[in-house]
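Student: One structure, pasted below without further comment.
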Amino acid sequence: MKTIAITYSKGGVGKTATAVNTAAVLADEGFRVLLVDLDPQGCATANFSVKKDMESFPTAFELLTGDSEPSGAIIHTGIKGLDLIGAEYRLSKINDFLYDPEKCPKEIAQYILKDRLEEVKNNYDFCLLDCLPSDDMIKKNALSAANYVVLPAIADDYALTGLEYLSKELAEVKRTTNPALSVLGVLFTMNENTAVKKAYTDALSNGQNIFPVFQQTIRKCSKIPEALNHQKPVVHYRCTAGRDYVAFTYELLTRLGYDNYSVDKLKQQQLFQPYLAHKGRG
Amino acid sequence: MMAINLKNLNKRIENVTASGEKLTTLAHSEEVPTKYIIPAQNNICAKHDTTESIQELADSIAASGLIHDLTVNKISETEYHIISGERRFRAVTRVLKWETVSCRVYEHMSDDHAQLMLLEANLQVRHYSDGELLDFYKEAEQIIERMQVKAPQQALAALLGKSTRQIRKYQAIAETLSQDEQRAIASGTMSLNTGAQLAQQRKDKKKPSGPKTKKSAGKKEKAEPIPKMSPDSNGEEPLPNQMSFDGNTAELTGAFEDAAKEMQPEDDIADKDVATPAGYQRLTHERCNGIKTGYWSDANKEELVQRLAEFENAYPSGPNPENKKVSFYGFKDSKLAGIK
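These protein sequence lines are chains L and U, in that order. The numbering of the first sequence is this note's numbering, which starts it at 1 and goes up by one. The numbering of the second sequence is this note's numbering, which starts it at 1001 and goes up by one.
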């Protein structure tokens, strides 16, 4: 199981949309995917029409406290191959548990999630962690458990501030809890054809090589809130963002060493528009 | 619409790179499939490796295991460039046919940084001759220039484990000598010091005036730019052709060429007017700027002592002070000249 943390130090950059849609495309491609919502607001959970009562059903909170087995907290979404561990308001209290040395020894507080996910690692090909921007114990757990990070960002000056912050944060994680953590790349979301966004995209793509930048960007698209309203991933809509997320996931798979997911091939075969038909959903 | 402040943007990117550098210096251990490992494109350290030496290393690895991991720069999940361990890599892939190998993995390190690490790693574990180090110097010098290191000579000296003076020799050779001559030095057929002397002589020929002349000429330059081209060797008094100079460039060029002819390399021991006993072949290296270079074997030292004795017998009162102005440490026109 490859664990990918979708994280950034700034909010509102499309972390959840990226996590949900990447997970959906991966599942559509036949991979077994587990999406873990680590945001107490439960935004990723809200993307799916979950019939369970999250106030009583085990969530990421119970997963971390050990009150529930990982398999007990898993919800099958409507999408074949995509499972979810949800989040609810009580996850915001998890720091009380993780910082309490009587309940959770300090030495292992950052490794709890990694340890819990070990139990399901043979059941999934990918585990996507939708993180909060804040630098708390939940995020530390996510970064300790992940093999890779994907960094969604909007191409503006805040992106650079965020990267400066992240480079320090990731260096600390690599130095302490997770030396093998690897940055897969920066994904520009809500992209528009403006001079400023183009300048920032170009500058980050060509001006540095510490944070690789995904060639594929996600264009700003009105279908994203619409999809959310219908509790469906936007990749199941015929729209720009949907197509972009498909192409991004292909690029991600290529970066991970999967040979058959060339973006060029995807474009050549014109699988974008009839992506749903291609996947038998049209 | 206001234009984008690119200067500000580039500054911010520089900040990101500077804070991100920390990430590239942190390594972790990983078992990497050998099919994803690519040897460095320009590994000057590996050019002396032979099939036998690799077989020997493979035997050792087969017997004792791989004691030191390879060091690699991870470009992507399927591309790892070797920083250090090309011989080990060849041994485990070509001979032992390993499918994975344990590596210390750095990520997204810049090519220059990785190449510098490759040089450093090899310089730390193997001994290279002065001639071989010339190749290292040339490679490292370019990288350090690109990386805009603040004190490049010191950095190169630290990297190569040499003094800054030695680095200046390499610099003179790399800048002045032809490719063939540099190859001769690298292969050991010409000594580094001979090369450095040759380079210095050529530099001297290009610069017709000595350091002092340059200084005094520089002072005069503002009021009277002409004496800069003067063949005057002491810089104190202008020569007659300068005084009579009336703007005729041909005359000036002539004077310049004469000066160049006069500026043949001088050796303050074997001066032209001191007779050298016939039939002798010179044992010492030609002096370059009065600096002694090279080393003598015991046999050569004995031979030199004998020759000195013969010289003293032939010239009991020493060199004629009228003909010969011997300077302290051989620097002609030095303020220290004449001090014993």
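Even for Gly, the Cβ is constructed at its ideal location relative to N, Cα and C.
What is the rounded straight-line gap between the Cα of Val173(L) and the Cα of Lys114(L)?
Tutor: Taking the straight line joining both Cα atoms gives about 14 Å.
Student: Just to make sure I have the definition right: I need the residues of chain L whose C-beta is within less than 9 Å of the C-beta of Leu1009(U). Which are they?
Tutor: Going along chain L in sequence order, the residues near Leu1009(U) (Cβ under 9 Å) are Asp157, Leu160, Ala199, Tyr200, Ala203, Gly207.
Student: Per the DSSP calculation, Tyr8(L) is bridged to which residue(s)?
Tutor: Its beta-bridge partners do not exist; DSSP assigns none.
Student: Can you give me the C-alpha to C-alpha distance between Gly11(L) and Asp135(L), rounded to a whole angstrom?
Tutor: Near 12 Å, if we compare the C-alpha coordinates of Asp135(L) and Gly11(L).
Student: Give me the Cα-Cα distance between Val235(L) and Lys265(L), rounded to the nearest whole angstrom.
Tutor: For Val235(L) and Lys265(L), the distance between alpha carbons rounds to 18 Å.
Student: Kindly indicate if chain U contains any beta-carbon less than 8 Å away from that of Val213(L).
Tutor: Not closer than 8 Å to any Cβ of chain U, the Cβ of Val213(L) fails to qualify, so no.
Student: Considering Cα atoms alone, identify which of Thr176(L), Leu38(L), Ser167(L), Gly162(L) is closest to Phe188(L).
Tutor: Residue Gly162(L) is the option with its Cα nearest to Phe188(L).
Student: Measure from the C-beta of Val13(L) to each C-beta in chain U and report whether the shortest distance is under 8 Å.
Tutor: Val13(L) does not count as touching chain U.
Student: Drop a sphere of 10 angstroms on the beta-carbon of Asp296(L), count the other beta-carbons inside from all chains shown, and report buried for 16 or more, exposed for fewer.
Tutor: Residue 296(L) cannot be examined here, being either before or after the span of chain L that is shown, 1 to 282.
Student: Taking DSSP as the reference, what is the three-state secondary structure of Arg238(L)?
Tutor: Reduced to three states, the DSSP call for Arg238(L) is coil.
Student: By Cβ distance below 6 Å, which residues in the same chain neighbour Asp1130(U) in space, the five residues on each side in sequence not counted?
Tutor: Around Asp1130(U): Leu1192.
Student: Below 7 Å on C-beta distance, what does Ser1110(U) contact in chain L?
Tutor: By Cβ distance, chain L contributes Asn209.
Student: Is it right to say Arg175(L) is buried, meaning 16 or more other beta carbons lie within 10 angstroms of its own, or is it exposed?
Tutor: Flag for Arg175(L) reads exposed.
Student: For Asn47(L), is the classification buried or exposed, using 16 other Cβ atoms within 10 angstroms of its Cβ as the cut-off for buried?
Tutor: It counts as buried.
Student: At 4 residues or longer, and completely inside the stretch 105-179 of chain L: list those alpha helix (DSSP H) runs for me, N to C.
Tutor: Correct list: 112-118, 137-145, 157-175.
Student: Around the C-beta of Leu1198(U), are 16 or more other C-beta atoms found within 10 angstroms, so that it is buried, or is it exposed?
Tutor: The residue in question, Leu1198(U), is buried, as its Cβ has 16 or more Cβ neighbours within 10 Å.
Student: Taking DSSP's pairing of strands, which residues face Thr1071(U) in a bridge?
Tutor: Answer is Ser1084(U), Arg1104(U).
Student: Quick one: Cα of Gln1124(U) to Cα of Leu1070(U), how far?
Tutor: Gln1124(U) and Leu1070(U): Cα-Cα distance of roughly 15 Å.
Student: Could you pull out every residue in the same chain whose Cβ sits closer than 6 Å to the Cβ of Gln215(L), ignoring the five residues on either side in sequence?
Tutor: Cβ within range, chain order: n/a, list empty.
Student: Using a C-beta cutoff of 8 Å, does Leu128(L) count as contacting chain U?
Tutor: Taking Cβ atoms only, chain U never reaches closer than 8 Å to Leu128(L), which makes this a no.
Student: Under DSSP, the beta strand (DSSP E) around Gly185(L) begins and ends at which residues?
Tutor: 182-188 is the span of the beta strand (DSSP E), which, as asked, contains Gly185(L).
Student: Counting only Cβ pairs nearer than 9 Å, list the residues of chain U close to Glu164(L).
Tutor: Under the 9 Å cutoff, chain U gives Arg1012, Asn1015, Val1016, Ala1018, Ser1019, Gly1020.
Student: Going by alpha carbons, who is nearest to Ser1029(U) out of Pro58(L), Ala180(L), Tyr124(L), Thr217(L)?
Tutor: Among Pro58(L), Ala180(L), Tyr124(L), Thr217(L), the Cα nearest to that of Ser1029(U) is on Ala180(L).
Student: I'd like to know whether the C-beta of Val196(L) is nearer than 8 Å to at least one C-beta of chain U.
Tutor: Answer yes: the Cβ-Cβ gap between Val196(L) and chain U drops below 8 Å somewhere.
Student: Please check if any C-beta of chain U sits within less than 8 Å of the C-beta of Ser182(L).
Tutor: Ser182(L) counts as touching chain U.
Student: Please return the same chain residues whose Cβ sits closer than 6 Å to the Cβ of Gly242(L), not counting the five positions on each side in sequence.
Tutor: For Gly242(L), where only same-chain residues beyond five positions count, the Cβ hits under 6 Å are Val234, Val235.
Student: Does the CB of Thr1078(U) have a neighbour CB from chain B at under 8 Å?
Tutor: Among the protein chains of the structure shown, namely L and U, there is no chain B.
Student: Checking contacts by CB at 8 Å: is Leu26(L) closer than that to chain U?
Tutor: Cβ-Cβ to chain U under 8 Å: no for Leu26(L).
Student: Cβ of Arg175(L) less than 8 Å from any chain U Cβ?
Tutor: True, the Cβ-Cβ gap to chain U drops below 8 Å.
Student: Say yes only if the C-beta of His1127(U) is nearer than 7 Å to one or more non-hydrogen atoms of the ligand GTP, and no if none qualify.
Tutor: Annotation note on the ligand GTP: not contained in the displayed structure, which lists no ligands.
Student: On the DSSP bridge assignment, give the partners of His76(L) in chain order.
Tutor: Asp83(L), per the DSSP bridge assignment.
Student: Flag Lys265(L) as yes if its beta-carbon sits less than 8 Å from any beta-carbon of chain U, otherwise no.
Tutor: Taking Cβ atoms only, chain U never reaches closer than 8 Å to Lys265(L), which makes this a no.
Student: Checking the sheet assignment: what are the DSSP bridge partners for Val213(L)?
Tutor: Answer is Val186(L), bridged to Val213(L).
Student: Is the shortest distance between the beta-carbon of Glu990(U) and the beta-carbons of chain L less than 8 Å?
Tutor: Absent from the structure is residue 990(U), since the part of chain U shown begins at 1001 and ends at 1340.
Student: If we ignore side chains and look at the alpha-carbon of each, how far apart do Arg255(L) and Val150(L) end up?
Tutor: Whole-angstrom Cα-Cα distance: 11 Å.
Student: What do you reckon, are the CB atoms on Leu1116(U) and Ile210(L) nearer than 8 Å?
Tutor: No, Cβ-Cβ distance for Leu1116(U) and Ile210(L) is not below 8 Å.
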